[in-house]
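Numbering (my numbering), first residue to last: 41 to 209. Just so you know, even glycine gets a beta-carbon here, dropped at the ideal spot from N, CA and C. Bear in mind the structure is a predicted one, so any value in this text is a computation, not a measurement. Reviewing the structure listed below.
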């Protein structure tokens, strides 16, 4: 507990310092896919454990508001005041986490995110997440090798702009 407090305090101080030298941009994330059932869905996170919020797909109008740091190349949100949860991956789940090292993320001109494993992301249901949210929502999951991707997995790219061919009311 003491170590986590020190880590959070240290991260908070770093964030305050970095605010002086960076631009923070508000973004939301969406799924881009050849599969029409998930193309254009918004990403949102649900609490799965202490320091872990797994990312799922849902109504694009409810896509979670996040922050992009243009100097550190991190995507995050503030859970409580100055406790950031960064975009990362743990146990193959794309998630926002306060306890794992964040991905260095670049946003292409077309809005697509590039980071470690960004080319190996899939939308999956029933992936044995701690609270079984994936029974209802598609989780964003990565597979390290294409040979182990299940047939029901749907390839997905994470983007900051809703795919143009989508209309939601």
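Q | Sequence-distant residues of its chain with Cβ nearer than 6 angstroms to residue 108 (five each side left out) | A | Indexing the chain shown from 1 puts residue 108 at position 68. Answer for residue 108: 65, 67, 115, listed in chain order.
Q: Quick one: using the 10 Å Cβ neighbour count with 16 as the cut-off for buried, is residue 169 buried or exposed?
A: Taking the first residue of the chain shown as 1, we reach residue 169 at position 129. Using a 10 angstroms sphere on the CB of residue 169, the tally of other CB atoms reaches 16 or more, which defines it as buried.
Q. Near residue 198, which residues of its chain fall below 6 angstroms by C-beta distance, leaving aside the five closest residues on each side in sequence?
A. Here the question's residue 198 lines up with position 158 in the chain shown. 69, 153.
**Q.** Local conformation of residue 208 per DSSP, three classes
**A.** Position 168 of the chain shown, counting from 1, holds the residue named residue 208. Here residue 208 scores only 43 on pLDDT, less than 50, and its place in the model should not be relied on; the value that follows carries that caveat. Residue 208 sits in coil when the DSSP states are folded into three classes, being neither helix nor strand.
(Q) Using CA atoms only, rank isn't needed, just tell me which of 178, 195, 177 is closest to residue 185. (A) Locating residue 185 in the chain shown gives position 145, counting from the first residue. Closest by alpha carbon: 195.
Q.
For residue 164, report the span of its beta strand (DSSP E) as first-last.
A. What you label residue 164 is simply residue 124 of the chain shown in a count that begins at 1. First-last of the beta strand (DSSP E) with residue 164: 161–164.
Q: Could you pull the start and end residues of the beta strand (DSSP E) that residue 191 belongs to?
A: For the purposes of this step, residue 191 is identified with residue 151 of the chain shown, where counting begins at 1. Where residue 191 is concerned, there is no enclosing beta strand (DSSP E), given that its DSSP letter is neither H nor E.
Q.
Please identify the residue among 121, 94, 99, 122 whose C-alpha is closest to the C-alpha of residue 132.
A. Numbered from its first residue, the chain shown carries residue 132 at position 92. Of the candidates 121, 94, 99, 122, the one whose C-alpha sits nearest the C-alpha of residue 132 is 94.
Q: Just confirm the distance between the C-beta atoms of residue 119 and residue 128, as a whole number of angstroms; I'd bet it's less than 8 angstroms.
A: On the chain shown, position 79 is the one that residue 119 refers to. On the chain shown, position 88 is the one that residue 128 refers to. Not a contact, Cβ separation roughly 14 angstroms.
Q. Would DSSP call residue 141 helix, strand or coil?
A. Within the chain shown, numbered from 1, the residue matching residue 141 stands at position 101. Looking at residue 141 - three-state DSSP - the assignment turns out to be coil, as it is neither helix nor strand.
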